[in-house]
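Visitor: So the sequences go chain by chain: A and B.
Its first residue numbered 1, the first sequence is counted upward by one per residue in our numbering.
Its first residue numbered 1001, the second sequence is counted upward by one per residue in our numbering.
There are 2 protein chains.
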Amino acid sequence: MANLDRSLIAGLFAFEGVAVTDLDRIVGQARSLRIAKDQPVFEQEQEAHSFFLLLDGHVRVVRSMPDGREVIVRYISPGELMGIAHALGRTTYPANAIAAVDCVALAWPSQLWPTFAMDFPSFSANTYKTVGSRLQDAHTRVIEMSTEQVDQRVAHALLKLVKQTGRKTEEGILIDFPISRQDIAEMTGTTLHTVSRLLSAWEEQGLVKSGRQKVTVVEPHRLLLIAEGRVEKS
Amino acid sequence: MANLDRSLIAGLFAFEGVAVTDLDRIVGQARSLRIAKDQPVFEQEQEAHSFFLLLDGHVRVVRSMPDGREVIVRYISPGELMGIAHALGRTTYPANAIAAVDCVALAWPSQLWPTFAMDFPSFSANTYKTVGSRLQDAHTRVIEMSTEQVDQRVAHALLKLVKQTGRKTEEGILIDFPISRQDIAEMTGTTLHTVSRLLSAWEEQGLVKSGRQKVTVVEPHRLLLIAEGRVEKS
DNA sequence: TCAAGAGTTTGCGCCAGCGCAAATCGCCAA
DNA sequence: TTGGCGATTTGCGCTGGCGCAAACTCTTGA
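(1) If we count the other Cβ atoms within 10 Å of its Cβ and call it buried at 16 or more, is B/Asp1151 buried or exposed?
(2) How big is the Cα-Cα spacing for A/Asp5 and B/Ala1155?
(3) Given a threshold of 16 other Cβ atoms within 10 Å of its Cβ, counted over all protein chains shown, does B/Gly1206 qualify as buried or as exposed?
(4) Around the Cβ of B/Arg1069, are there at least 16 other Cβ atoms within 10 angstroms (buried) or fewer (exposed)?
(5) With 7 Å as the threshold, decide whether the Cβ of A/Ala138 is near any Cβ in chain B.
(6) Assuming B/Thr1147 contacts A/Met65 under a Cβ cut-off of 8 Å, what Cβ separation, rounded to an integer in Å, is found between them?
(7) With H, G and I counted as helix, E and B as strand and the rest as coil, what does DSSP make of A/Ser77?
(8) Going by DSSP, which residues form a beta bridge with B/Ser1032?
(9) Is the beta carbon of A/Ser50 closer than 7 Å to that of A/Pro109?
(10) Count the other CB atoms, across all protein chains shown, that sit within 10 Å of the CB of A/Arg74; report buried if there are 16 or more and exposed otherwise.
(11) Quick one: Cα of A/Glu80 to Cα of B/Thr1140, how far?
(12) Taking beta-carbon pairs under 7 Å, can you tell me which members of the segment 112 to 142 of chain A lie near chain B?
(13) Assuming the contact rule is C-beta atoms closer than 8 Å, A/Ile35 and A/His58 should be a hit. Round their C-beta distance to whole Å, please.
(14) Ends of the beta strand (DSSP E) at A/Ala99?
(15) State buried or exposed for A/Asn126, treating a residue as buried only when at least 16 other CB atoms are found within 10 Å of its CB.
(16) Around the Cβ of B/Val1131, are there at least 16 other Cβ atoms within 10 angstroms (buried) or fewer (exposed)?
(17) Who are the near neighbours of A/Val61 in its chain, counting only those whose CB is closer than 6 Å to its CB and skipping five residues on each side?
(18) Please give the ranges of any alpha helix (DSSP H) in the segment 1159 to 1218 of chain B, keeping only runs that are unbroken, at least 4 residues long and fully inside the region.
(19) Using only CA atoms, which one of A/Leu33, A/Trp113, A/Lys129 and A/Pro178 lies nearest to A/Glu16?
(20) Below 8 Å on C-beta distance, what does B/Ala1087 contact in chain A?
(21) State buried or exposed for A/Ser124, treating a residue as buried only when at least 16 other CB atoms are found within 10 Å of its CB.
(22) To the nearest angstrom, how far is the alpha carbon of A/Ile179 from that of A/Leu12?
(23) So is B/Thr1092 in contact with chain A if we call contact Cβ pairs under 7 Å?
(24) List the endpoints of the continuous beta strand (DSSP E) containing A/Glu59.
(25) Taking B/Thr1194 as the reference, give the member of B/Glu1204, B/Glu1203 and B/Gln1182 with the closest Cα.
(26) Tell me whether A/Thr91 is buried or exposed, calling it buried when 16 or more other Cβ atoms sit within 10 Å of its Cβ.
(27) Between which two residues does the alpha helix (DSSP H) holding A/Ser7 run?
(28) Among A/Met82, A/Met118 and A/Leu224, which residue has its Cα nearest to the Cα of A/Leu161?
(29) For B/Ile1072, which three-state DSSP category applies?
(30) If contact means a Cβ-Cβ distance below 7 Å, which residues of the segment 1067 to 1079 of chain B contact chain A?
(31) Contact criterion: CB-CB distance below 7 Å. Does B/Thr1191 meet it with respect to chain A?
(32) Who pairs with A/Thr92 in a beta bridge, going by DSSP?
(33) Rounded to the nearest angstrom, what separates B/Asp1038 and B/Asp1176 at their Cα positions?
(34) Please list the residues of the segment 43 to 69 of chain A that have a C-beta atom closer than 7 Å to any C-beta atom in chain B, keeping them in chain order.
(35) Report buried or exposed for A/Val71, applying the criterion of at least 16 other Cβ atoms within 10 angstroms of its Cβ.
(36) Could you tell me whether the Cβ atoms of B/Phe1052 and B/Ala1099 are closer together than 7 Å?
What follows is the structure, encoded as structure tokens:
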């Protein structure tokens, strides 16, 4: 195992308030791994042997239904924990996690979780804070699905991605990993056809620029108006 | 304060694995309260001063949007915790909780949470298990909203309620608290009109019997077929 | 007993968005 | 450079379910 260093994780939200010597102890028990694009980090129903911290890249968390339909639960960005099934009393992963691009992550055996929780209370508190905000997000999504039109949901999804992973370019803010119309459809409960139509219309109005697996938001503010339903469709 | 006794909470999932003497200590710090039908237990955005355990009755957890739309997040049954914002690092409640019928609950000041978590690790582990399964539920709901037709969603919602709170009667399984068409609509992201039409149709086919704020499921099995989309609509 | 209000049912018209299908485009490998 | 595959675009027709409106029916309180 190459030399893992506390500087990898110092400053991340999950480790806020953890003593420096403890960071060393934590990193010392991790192994690092690379995941190639489109390869799974972990799989739904699989025994939850490890939990992970994403260091670099982006991971798509997908829940699949018995009948084959798939829904994207969320995207994980660098610095976030994933696969923390054990912290929630589960022994299997609840979803598939697929690398959206080549990724680097740290992994710890799940059986370390109870020890970590005991020895590093800040770490465990931060983790539960994360879980709490994911629960919020999930509820927010239920509400969006319940009450909003497709164009609002797609606009919200793009804005969320921009906020989470946007990279400034001279054309606007680029979503920093390959994302297809199909992916956006699976995030918003619609079809790739409808997403394509919406993006085309928005491109015509200068709100976004998009290409193959690529979306750039040019005018976030006007997109927000659509997301909030304060715009009459033309 | 009337004599609170450990027998109130012994045997509940949240307190599994907690020593009997600890149960006494826990109950000793609780106050009990009654909430009249349609009165709030706690309110969205309000300072989260307490967390609660429902002893009797049913509580509706509702998230409201700035624009006035409302979505029912879940129903709480006797024995369940609610308002555990602090365990998730929040200082305010994320939703409104309204008594669906006259209720009895125990309440603890939120500042006890860290102590409880420290002193009664089984209790805290059970709580996080609950949070974990609520997160699962929320994701399941997102998926249902994304991929299912209205009739499937309503059928699923009824089956969930039946499983959670069903009481056997000679006509079938009764959902054991007053629930309106509007409530079901807010659980499934549709309108009371559509719910009414569906229930009427199902009543005609003998699947359910329903009246004012009352639903009895007569044939759960056939309802499940609808929920799973294995039935052609007539 | 009666009136008022809350909850429910039902008819009707409409349209957002899906399903299907076909064409086109862009990228990569050979 | 070319072929092939995956991603995207776009047209067209259809329909599930919503919005609106009106009538009806319990339940409750005076």
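Think of the CB as a built atom: it goes at the ideal place given N, C-alpha and C, for glycine as much as any other residue.
This one's a predicted model, so the numbers in the text were calculated from it and none came from an experiment.
Guide: Judging by the given coordinates:
(1) buried
(2) 53 Å
(3) exposed
(4) exposed
(5) yes
(6) 7 Å
(7) coil
(8) B/Leu1106
(9) yes
(10) buried
(11) 22 Å
(12) Ala125, Tyr128, Lys129, Val131, Gly132, Arg134, Leu135, Gln136, Ala138, His139, Arg141 and Val142
(13) Rounded, the Cβ-Cβ distance is 11 Å, inconsistent with contact.
(14) Asn96 to Ala99
(15) buried
(16) buried
(17) Val73, Arg74, Ala95 and Ala97
(18) 1181 to 1188 and 1192 to 1204
(19) A/Lys129
(20) Tyr128 and Gly132
(21) buried
(22) 26 Å
(23) no
(24) Note that residue 59 of chain A is Val in the sequence shown here, rather than Glu. Per DSSP, A/Val59 belongs to the beta strand (DSSP E) from Val59 to Ser64.
(25) B/Gln1182
(26) exposed
(27) No alpha helix (DSSP H) contains A/Ser7, which DSSP labels as neither H nor E.
(28) A/Leu224
(29) strand
(30) Arg1069, Val1071 and Val1073
(31) no
(32) A/Glu47
(33) 16 Å
(34) Arg63, Met65 and Arg69
(35) buried
(36) no
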